[in-house]
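Notes to accompany the following structure.
Residue numbers (my numbering), protein chains in the order written: chain S, 1 to 164; chain G, 1001 to 1363; chain W, 2001 to 2101.
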């Protein structure tokens, strides 16, 4: 069950990420990113992070990506053209990215016995556990992020507001 | 969700036969879906009848006794119409959009409990999936539902559709904040996101312990009500489909079954919002008289009575929906945004602060 | 029926690499921004997987903070994109090469 769900949603993730890469139109890229994010939330559930799984859906798929889609619709963004810049990126990017993936994947692969395996239900973090850590041990960082959000709101309003 | 259910199952009910569990769960899904879709069809009839009476006319009365078969006729008509596919539309997204809208509207019924936790063969009879984070699931699914409307407007390649969907997207993400914040007071009082726990807290003294009265969440209830009207794109916030300015808004280019899917999604969302309001503020399936009402009848009557209370409360909520539609005029767009951001959101934040202060000092 | 944590981490590495690659080859500024979100998501998956491995809640708290920062970043970033589009009339990064708006 766990393996099947992991394979289905892992493949959906990879497929969505590839589609983001290949699609020319930003709205199609945005939709494939939504698929990636929603599949990731299922993977979070499998790893026992039930609150995060839903926060992923609400914050990422439901708020951030809606904002992206909204901006794409608002600016009426068309298909992107390939330019000189993208050719240079191909030359430097493909080997670099492959090397990055090879290093990371081989590290994880050699460490696979130390890392052990995830079992369904062996580790389930309830919302209460999460909030106890968040509001007792990490209260200051939490409050600082609220200031960050406030600054971000002000910044967004100033930047996107009409100039007089 | 599937994984979640498995965790619960293997965690505390290992004695349940897996085959019976799967079969009964499937049966529950089928029964609930059928009932839900029927309820959607009859909500349309309820609206047409009530709006008719408000406007001093009869409403549908020709098909069947009192027009009771009208939903069937409507469905048949929409099903048999030609499915037009305009030339300039973005085809895959154009087809995907109504499917997203309808499926998001139908999913959230899966976590809603209708009655007491009564188990048969170890399976909860009145709820499809009992999740620890049920309330968040509903909020999450609602927030995904925006895509149905956003994509329909964009893929239609029509200025009315695009304007309607832009309006609707902005409206839904603005009012989602007030909606989420209004719910927090209830969650603070309960200390849990599980819908059954939320109802059980309100189950003690009848109407007096409901969140809307005993829980001091009257203001939160009104914020929820207003935000929910905006979330479901209903009058007085039906700007996305304002006939007088945008023809039909985001579904201008849709016909036949694809239009019907949007239509059903709207009414399904209404019912879901009614169910959630009932669970969060009106005590769910608990009786308004608490234990004043003596227990009568056998165990079956006692099991079905809460469901009856639940349905009755949801019906009152739907009645209110239609009543408001028949009474209030439409907002202007800037008024709508100003109301959401400058009034509802600050009041919701003040409500959260007041509730947490009261809970901190009085427990 | 258990899935090795290493698989989750390899999946996260693959998503991160795809994000980096998309970041490099995309020319539309919104798509570039979306590939940054993809990279953040890949890192989040790694955090959750490690939280499961160590049976520690802190890993999930980290994801929570990443989400908050990502939300703030998206709001500001998209506002900047709108401002740039208003003054330049294009979303192609090759044509947005002046610091002055």
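Note that beta-carbon positions come from the ideal geometry of N, C-alpha and C, so glycine has one too. In this text, all values refer to a predicted model and were calculated from it rather than measured experimentally.
- Under the Cβ distance rule, residue 2027(W) counts among the residues neighbouring chain S, one pair being separated by less than 8 Å.
- By the C-beta criterion, the segment 1224 to 1238 of chain G is judged to be in contact with the segment 1166 to 1177 of chain G, since at least 3 inter-stretch pairs fall below 8 Å.
- The C-beta of residue 1193(G) comes closer than 8 Å to at least one C-beta of chain S.
- The shortest CA-to-CA distance from residue 75(S) to any of 2095(W), 2083(W) and 2054(W) is the one to 2083(W).
- Distance from the CA of residue 1352(G) to the CA of residue 1176(G), rounded to the nearest whole angstrom, comes to 15 Å.
- Taking 8 Å as the upper bound on Cβ-Cβ separation, chain W lies near residues 138, 141, 145, 148 and 149 of the segment 138 to 150 of chain S.
- The beta carbon of residue 1258(G) lies closer than 6 Å to those of 1098 in the same chain, with the five residues before and after it left out.
- Residue 144(S) counts as exposed, since fewer than 16 other C-beta atoms from the protein chains shown sit within 10 angstroms of its C-beta.
- Contact between the segment 1130 to 1142 of chain G and the segment 1183 to 1199 of chain G is present: 3 or more CB-CB pairs across the two stretches fall below 8 Å.
- Of all residues in the segment 2053 to 2066 of chain W, the ones placed with a Cβ closer than 8 Å to any Cβ belonging to chain S are 2053, 2055, 2057, 2058, 2060, 2061, 2063, 2064 and 2065, in chain order.
- At a cut-off of 8 Å between beta carbons, residue 1210(G) makes no contact with chain S.
- Residue-level contact by beta carbon holds for residue 26(S) and chain W, with a gap shorter than 8 Å.
- Judged by their CB atoms, residue 2061(W) and residue 71(S) are not nearer to each other than the 8 Å cut-off.
- Apart from the 5 residues on each side of it in sequence, residue 1231(G) sits with its Cβ closer than 8 Å to the Cβ of 1142, 1172, 1175, 1176, 1179, 1269 and 1273 in its chain, given in chain order.
- In this structure, DSSP gives residue 1330(G) a state outside helix and strand, which the three-state scheme calls coil.
- Within its own chain, no residue has a Cβ closer than 7 Å to the Cβ of residue 1222(G) once the five positions on either side in sequence are excluded.
- Here the C-alpha atom of residue 1331(G) lies approximately 10 Å from the C-alpha atom of residue 1339(G).
- Leaving aside the five residues that flank residue 38(S) on each side, the residues in its chain whose CB is nearer than 7 Å to its CB run, in chain order, 57 and 61.
- For the pair residue 73(S) and residue 1309(G), the CB atoms are not nearer than the 8 Å cut-off.
- Within the same chain, and ignoring the five residues on either side of residue 2012(W) in sequence, the residues whose Cβ sits closer than 6 Å to its Cβ are 2042, 2045 and 2046.
- Sequence-ordered contacts of the segment 34 to 54 of chain S with chain W read 36, 37, 40, 43, 44, 47, 48, 49 and 52 [C-beta pairs closer than 7 Å].
- For residue 1169(G), the nearest beta carbon of chain S is closer than 8 Å to its own beta carbon.
- About 6 Å separates the CB atoms of residue 30(S) and residue 65(S); that is less than 8 Å, so the two are in contact.
- Not a single C-beta of chain G is nearer than 8 Å to the C-beta of residue 7(S).
- Residues of chain W whose Cβ lies closer than 8 Å to the Cβ of residue 134(S) are, in chain order, 2061 and 2064.
- In this structure, residue 1100(G) lies near residue 1147(G), with their beta-carbon atoms less than 8 Å apart.
- Taking 8 Å as the cut-off between beta carbons, the residues of the segment 55 to 69 of chain S near chain G are 55, 57, 58, 61, 62, 63, 66, 67 and 69, in sequence order.
- Residues of chain S whose Cβ lies closer than 9 Å to the Cβ of residue 2039(W) do not exist; the shortest such Cβ separation is about 10 Å.
- Assigned with DSSP and collapsed to three states, residue 1103(G) falls in helix.
- Straight-line spacing of the CA atoms in residue 1115(G) and residue 1201(G) works out to 14 Å.
- In this structure, residue 1265(G) and residue 1344(G) do not form a Cβ contact; the two beta carbons are roughly 24 Å apart against a cut-off of 8 Å.
- Taking C-beta atoms under 8 Å as the contact rule, residue 80(S) and residue 2031(W) qualify, at a distance of about 7 Å.
- By the Cβ test, the segment 1071 to 1090 of chain G is not in contact with the segment 1103 to 1112 of chain G, since fewer than three Cβ pairs between them sit closer than 8 Å.
- Here the segment 1040 to 1057 of chain G makes contact with the segment 1069 to 1076 of chain G; the two share three or more CB pairs at distances below 8 Å.
- By the beta-carbon neighbour count (other beta carbons within 10 angstroms, threshold 16), residue 2067(W) is buried.
- Contact annotation: residue 1318(G) and residue 1271(G) have beta-carbon atoms nearer than 8 Å.
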